[in-house]
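The numbers in my numbering rise by one with no breaks, and the one at position 79 of the sequence shown is 191. Ideal Cβ positions, reconstructed from N, Cα and C, are used throughout, including at glycine. Below: one structure, written as structure tokens.
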Amino acid sequence: MADGGSFSWEGFDQITAGIKRAKDARDKGARKGLLLGARLVLNRSNAQVPHEEGDLERDGGISVDDGKLVAAVAYGRSAQTRPYAERQHEDMSLHHDAGRNAKFLEHALTETREQVQAVIAQSIKGEMGG
Numbered sequence: 113m114a115d116g117g118s119f120s121w122e123g124f125d126q127i128t129a130g131i132k133r134a135k136d137a138r139d140k141g142a143r144k145g146l147l148l149g150a151r152l153v154l155n156r157s158n159a160q161v162p163h164e165e166g167d168l169e170r171d172g173g174i175s176v177d178d179g180k181l182v183a184a185v186a187y188g189r190s191a192q193t194r195p196y197a198e199r200q201h202e203d204m205s206l207h208h209d210a211g212r213n214a215k216f217l218e219h220a221l222t223e224t225r226e227q228v229q230a231v232i233a234q235s236i237k238g239e240m241g242g
């Protein structure tokens, strides 16, 4: 200001607090949506994963990084199943029972993409009061 005084805008603290609440609600909804979306992908993938003895299906799991708002679906989480999971997913020459296939995780993600996006959006909307 020209007179060297400070600028004060009444209500600024309330606006800032409101923005923080909105961001917190958005992030909470995103975390919930990511978890639900990852479960959808895992369930769809489990329906396609090669199933000789069920090792891969039992080994599949999800994780959500709350700080980065990223979800992961993975197989081969143990040292025992890691080489098996990778080969079953990548080797297109392997033969599988009907409905079971290589690229099971990739296919599941592609097949559920729109549904996962909708779940995340609805979860965010719900947390934000929409």
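(message) So, under 8 angstroms CB-CB, E169 and N158 are touching, yes? Tell me the CB distance rounded to an integer number of Å.
(response) On the sequence shown, position 57 is the one that residue 169 refers to. On the sequence shown, position 46 is the one that residue 158 refers to. That belief holds up - the Cβ atoms of E169 and N158 are roughly 5 angstroms apart, short of 8 angstroms.
(message) Taking the beta strand (DSSP E) that A183 belongs to, which residues open and close that run?
(response) For the purposes of this step, residue 183 is taken as the residue at position 71 of the sequence shown. Per DSSP, the unbroken beta strand (DSSP E) holding A183 starts and ends at V182 to A186.
(request) With DSSP as the reference, label S175 as helix, strand or coil. (result) Sequence index remark: in the sequence shown, residue 175 carries index 63 (1-based). Strand.
(message) So, at 8 angstroms on beta carbons, what are the nonlocal neighbours of R199 in its own chain, with the 5 sequence-adjacent residues on each side left out?
(response) As a working mapping, residue 199 is identified with position 87 in the sequence shown. Cβ within range, chain order: L206.
(message) Please classify M113 as buried or exposed, where buried requires at least 16 neighbouring CB atoms within 10 angstroms.
(response) For this step, residue 113 is matched to residue 1 along the sequence shown. Residue confidence is low: M113 scores 47 on pLDDT, short of 50, so the model does not pin down where it sits. No coordinate-derived value is stated.
(message) Taking the straight line between their C-alpha atoms, what separation do you get for V228 and S175?
(response) Your numbering for residue 228 matches position 116 in the sequence shown. Your numbering for residue 175 matches position 63 in the sequence shown. Distance between the alpha carbons of V228 and S175: 15 angstroms.
(request) Return the first residue and the last residue of the alpha helix (DSSP H) that G241 is part of. (result) In the sequence shown, the residue the question calls residue 241 occupies position 129. Looking at the DSSP string, G241 is not in any alpha helix (DSSP H), and its letter there is neither H nor E.
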